[in-house]
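What follows is a short report on a single structure.
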Amino acid sequence: MYISIERNSKGTLEIDEKILSKIIEFDVTSNSVGYKSIEASVSIHQETNLFIVVRVHTIEKGKFSMDGVKVASIINESIYKTLRIKPKNIAFAFIK
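Structure, rendered in structure tokens:
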């Protein structure tokens, strides 16, 4: 599925959701330790409200380490550089 964003009178910018998910997954994996897998879901509503859910599957209790505030700010920065939109919400779900 593509995310369409109105840019100017020349047309719209279309970005595949998978690309944004891969950017987010890279940001999380490079700043965390002890995970089994990481999945990111991105949805946009009314062209300006961007919502992100990051699912982190951990290896076992006590082995996972991540600075949530730092990762959220890195994701904010990456998405803003890509789309010029600040995410409305970034949620982390930790699954054992």
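Under our numbering, the first residue of the sequence shown carries the number 1, and numbering increases by one thereafter.
Think of the CB as a built atom: it goes at the ideal place given N, C-alpha and C, for glycine as much as any other residue.
Only a predicted model underlies this, so the values are computations on that prediction, with no experimental measurement involved.
Quick one: what's got a C-beta closer than 8 Å to residue i's C-beta in the same chain, skipping five residues either side?
i, result
"H45", "F51"
Give every residue of the same chain whose Cβ lies closer than 7 Å to the Cβ of residue i, excluding the five residues on either side of it in the sequence, and list them in chain order.
i, result
"T48", "I85"
"S43", "F51"
"M66", "N31, S32"
Here's a check: name, in chain order, each residue in its chain whose Cβ is nearer than 6 Å to the Cβ of residue i, leaving out the five neighbours to either side.
i, result
"V53", "S41, A91"
"I79", "P87"
For residue i and residue j, what's the separation of their Cα atoms in angstroms?
i, j, result
"F94", "S30", "17 Å"
"P87", "V69", "14 Å"
"S21", "T82", "12 Å"
"I15", "F64", "32 Å"
"D27", "I74", "7 Å"
"I23", "A72", "13 Å"
"N89", "E39", "16 Å"
Quick check on residue i - is its C-beta less than 8 Å from some C-beta in chain D?
i, result
"L83", "Of the chains in the structure shown, none is chain D; there is only one protein chain."
For a quick check, are the C-beta atoms of residue i and residue j less than 8 Å apart?
i, j, result
"S37", "H57", "yes"
In this structure, does DSSP put residue i in helix, strand or coil?
i, result
"I52", "strand"
"F92", "strand"
"E25", "helix"
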